[in-house]
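In the working numbering, each number is its position in the sequence shown, counted from 1, plus 31.
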Amino acid sequence: MVTGGRRRWTPGRDTSAVRHPAAPGRLRDDGRHHVAVVGGGVAGLAAATALAERGVAVTLLESHDQLGGRVRAWPVDHADGPATMSRGFHAFFRQYYNLRGLLRRTDPALARLRPLDDYPLLSRSGYRDSFARIPRTPPLNLAAFVLSSRTFTLRDLARIDTAAAGELLDVEFPRTFTDHDGESAAQFLDRLRFPDAARHLALEVFARSFFADPGDFSAGELIGMFHTYFLGSAEGLLFDVPDDDYDTALWAPLGRYLAGRGAQVRTGTVVTGLRSTDAAVEVLTSTGPVRADAVVVAADLVATQRLVGTAGAIRAGDGWREQLRALRTAPPFAVWRLWLDRPARADRPPFLATAGYDYVDNVSVVDRFEDGAAAWAARTGGSVIELHAYALPAEADHDDVRAAMRRVLAEVCPELAQARTVAEEYLVQADCPLVGTEPWLSRPDVGTPDPRVVLAGDGVRCEYPVALMERAATTGFQAANRLLAGWELAGQDLWTVPLAARTRFARHAGRAASRTRPARAAQPAG
C-alpha cells in the first residue's frame, strides 16, 4: 500500500494485511514483575519473548529436554549414528505473520526457512492438483484454480449451492465462527455440494491438518482457514520449511535469545500444579516451587485442564472450569520416519498431501529439505521418508497401520517398494486440541477469572482467523499483552489477514447468495 508516496510496511507481500496495535505503555519493566511461563512450545516461547523484551523477569518451564512443544525435535541414536525425530512435518505458511515475527528475533531475514516450490495434492482416484502456478492474489487464485483443476471444473461450479458459497465469500471474524456453531466441516461441505474429488483435495485437507475428522471439526474454523489461505490473503498456498531439524533451526536459537534477555529457561522441568494465594501464584514443579506475580499456562490441553481446571488451583468458578474440562483432544495420529537404503526418485516432491490412501495423509522426503537428513542420505546413498496419518481410530492396530503405510509408500513411490529399512521411529500421540462443533464462545480464551493467570495455545479461542502454529504464536503474544497492559507496559503488535472479505464484490456477492439460505437449525455439538 502506498501512502504519501511511500508503501505501508507489512510483514509479507500482501498489502492488505491488518495490523492490530497493542496497548501503549512504558517500554521497560526492569524486573519489577516476575512471570512463570508453563510450556516451552510456540505459544510459551511467544509469551516469554514479549515479556522478556519488556524487561519482565521470566521463568520458562518446559517438561521436555528441548523447546518447541509439539513442534520440537529430539535426538535418536541408531546403529549407523545419531539422527533426529519429530512429531511430523509442519508447514510454515507465509500468512503466519506472528509466528514468523517470533522467528525473526534470531533470524531477521528468515534465512533458515526454505521455500518449497509446490504443494501437490494427490488422490488415489488419479486426480492431482497443484498450487505452484496459481496466482496468489484473490480472486485470481480462485479463478485460476477452477480453470486449471481436474478436480473442480466449470460444470462443477454450476452445481455449487449458492447460499453456502456465499458463506465462504462474505466472512467477518469473529462473527463467522459463531454463525456456524453446532455445524461440522462435513455438514457444511454437504451443503456446499462440492464435487467429491475437490472436496477431498481442496477443503478436507484443512480439517485433517487439525488432526481431526471433518465430521468432528468446526465448519466456522474450516471457513476461516479457507479465507486465511485462499480467498482472504495474497500470500498464496505455498509455504516454507526449516532447513534443519526444528531444534537446531528454530527453538535452540530462540532459547539462547531469551537467556540473553535475562529469562531463565528451565527444560526438563515438570509442572505438577498451581496454587493461587493472595501474595502470589505458586507453580509447583519437579525441582521445587516457583513463586510469580503471574503465570502464562501454555501447555497442551490435558495438562492445562489438570493445572487450572481443578478446584483451588486458581480463582475461578465452577462454570468456567466446566467449560475448560469440556474441551476434547483430537483423535490419535501417527508419524513414521524411515531411514531407507536407497534414494527417492529425483523428481519426487519434498511434501505430498494425499487423499484416499488408507491411513496416509502425507508423504515427505525429509532429506530434500532438512540438512541433517540430507547429510545422512549423502553419506549412505539412502533417503529419509516420513509418513503421517491423521485422525486414526482410537482402537487402530498399529501393526496394520504400519503395513498400510508401507503399501501406500510403495504405491506412491514405487522405487522405494523394495527399500530396506536401515532405521525407523514410529510415534503415536493424541494430545492435539479438537476444534469441535461446540459453541465458539464456550471455548476459553486467553483470559481466565483470575487476572494473574492467562492461557495460550492453539486450542485457545482467538477472534482472528488463525490456526495451528499461528494461533499458538498469536495467543502467546495476546497472553503477554494482557499481563503487560495490566502493568501499563507496551505490548506486541499483531498482524493478520483481513478479517472480512477483501473486495466489495465478494461482500456483495456473498450477501446476495446468503439471502437465499433458509434458516438453519443448530446441529447438536458432538
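Ideal placement from N, C-alpha and C gives every residue a C-beta, glycine not left out.
Residue burial classification, residue i (beta-carbon count within 10 angstroms, cutoff 16)
i: Val107; result: exposed
i: Thr46; result: exposed
i: Glu426; result: exposed
i: Arg352; result: buried
i: Arg356; result: exposed
i: Val301; result: exposed
i: Thr316; result: buried
i: His258; result: buried
i: Pro246; result: For the sequence presented, residue 246 should be read as Gly rather than Pro. Gly246 should be labelled exposed.
i: Gln449; result: exposed
i: Arg379; result: buried
i: Arg159; result: exposed
i: Pro146; result: exposed
i: Gly291; result: exposed
i: Val33; result: With a pLDDT of only 40 at Val33, under the threshold of 50, the placement of this residue in the model should not be trusted, and no figure is reported.
i: Arg57; result: exposed
i: Asp148; result: exposed
i: Gly71; result: buried
i: Gly99; result: buried
Where the beta strand (DSSP E) through residue i begins and ends
i: His64; result: Where His64 is concerned, there is no enclosing beta strand (DSSP E), given that its DSSP letter is neither H nor E.
i: Tyr388; result: 382-388
i: Leu92; result: 88-92
i: Gln460; result: 452-460
i: Phe204; result: Where Phe204 is concerned, there is no enclosing beta strand (DSSP E), given that its DSSP letter is neither H nor E.
i: Pro113; result: 112-117
i: Val366; result: 364-371
Residue nearest to residue i in terms of C-alpha spacing, selected from the options
i: Ala78; options: Thr308, Val326, Ala283; result: Val326
i: Arg502; options: Asp392, Glu469, Arg131, Pro320; result: Arg131
i: Asp275; options: Val394, Pro424, Met116, Thr193; result: Met116
i: Val491; options: Trp105, Asp389, Ala330; result: Ala330
i: Ala344; options: Arg368, Asp201, Thr303, Ala377; result: Thr303
i: Ala323; options: Ala386, Leu91, Arg44; result: Leu91
i: Thr80; options: Ala461, Arg136, Ser94; result: Arg136
i: Pro123; options: Leu358, Gly43, Gly75; result: Checking the sequence, you will find Phe at residue 123 rather than Pro. Comparing Cα-Cα distances from Phe123 to each of Leu358, Gly43, Gly75, the minimum goes to Gly43.
i: Gly319; options: Leu305, Arg399, Ala110, Gly286; result: Leu305
i: Val339; options: Ala54, Pro151, Val69, Asp60; result: Val69
i: Arg513; options: Val497, Asp481, Leu530, Ala531; result: Asp481
i: Tyr288; options: Leu358, Ser156, Val89; result: Val89
i: Gln218; options: Asp192, Tyr388, Leu98, Ala83; result: Asp192
i: Pro475; options: Asn129, Thr506, His121; result: Thr506
i: Asp309; options: Gly119, Ala196, Arg346, Leu332; result: Arg346
i: His109; options: Tyr390, Asp430, Trp370, Val397; result: Trp370
i: Leu200; options: Gly263, Thr41, Asp278; result: Gly263
i: Val459; options: Gly348, Ala365, Ala404; result: Ala365
i: Met256; options: Ala216, Leu223, Pro273; result: Ala216
i: Pro55; options: Leu530, Gly517, Thr527; result: Gly517
i: Arg222; options: Arg190, Tyr128, Ala163, Arg85; result: Arg190
Backbone secondary structure at residue i - three-state DSSP
i: Pro106; result: strand
i: Arg124; result: The sequence as given places Phe at residue 124; Arg does not occur at that position. Strand at Phe124.
i: Gly35; result: For Gly35, the pLDDT reaches just 45, beneath the cut-off of 50, and the residue's location in the model is therefore unreliable, although a value from the coordinates is still provided. Of the three classes helix, strand and coil, the one that applies to Gly35 here is coil, per DSSP.
i: Trp40; result: coil
i: Val466; result: coil
i: Ser249; result: strand
i: Ile416; result: strand
i: Phe257; result: helix
i: Thr303; result: strand
i: Gly403; result: helix
i: Arg190; result: helix
i: Phe219; result: helix
i: Ala311; result: coil
i: Ser317; result: coil
i: Ala54; result: coil
Opening and closing residue of the alpha helix (DSSP H) in which residue i lies
i: His429; result: 429-443
i: Phe225; result: No alpha helix (DSSP H) holds Phe225; DSSP gives it neither H nor E.
i: Ala74; result: 73-83
i: Pro284; result: 283-291
i: Val391; result: It is not in any alpha helix (DSSP H) - Val391 instead sits in the beta strand (DSSP E) that spans 391-396.
i: Trp351; result: 349-357
i: Arg337; result: 332-339
i: Gln295; result: Premise fails: Gln295 lies in the beta strand (DSSP E), 295-297, not in any alpha helix (DSSP H).
i: Thr506; result: 499-517
Rounded Cβ spacing between residue i and residue j (contact assumed at less than 8 Å)
i: Gly251; j: Trp471; result: 6 Å
i: Ser249; j: Gly467; result: 6 Å
i: Ala375; j: Glu456; result: Not really, about 18 Å apart at Cβ, beyond 8 Å.
i: Leu281; j: Leu134; result: 6 Å
i: Leu383; j: Val432; result: So it is not a contact: roughly 19 Å between Cβ atoms.
i: Ala418; j: Val394; result: Note on residue identity: the sequence assigns Leu, not Ala, to residue 418. Right, the Cβ-Cβ distance comes to about 6 Å (below 8 Å), so this counts as a contact.
i: Ala504; j: Gln523; result: About 10 Å separates the two Cβ atoms, so there is no contact after all.
i: Val485; j: Val477; result: 5 Å
i: Thr335; j: Leu465; result: No, Thr335 and Leu465 are not in contact; Cβ-Cβ is about 14 Å, not under 8 Å.
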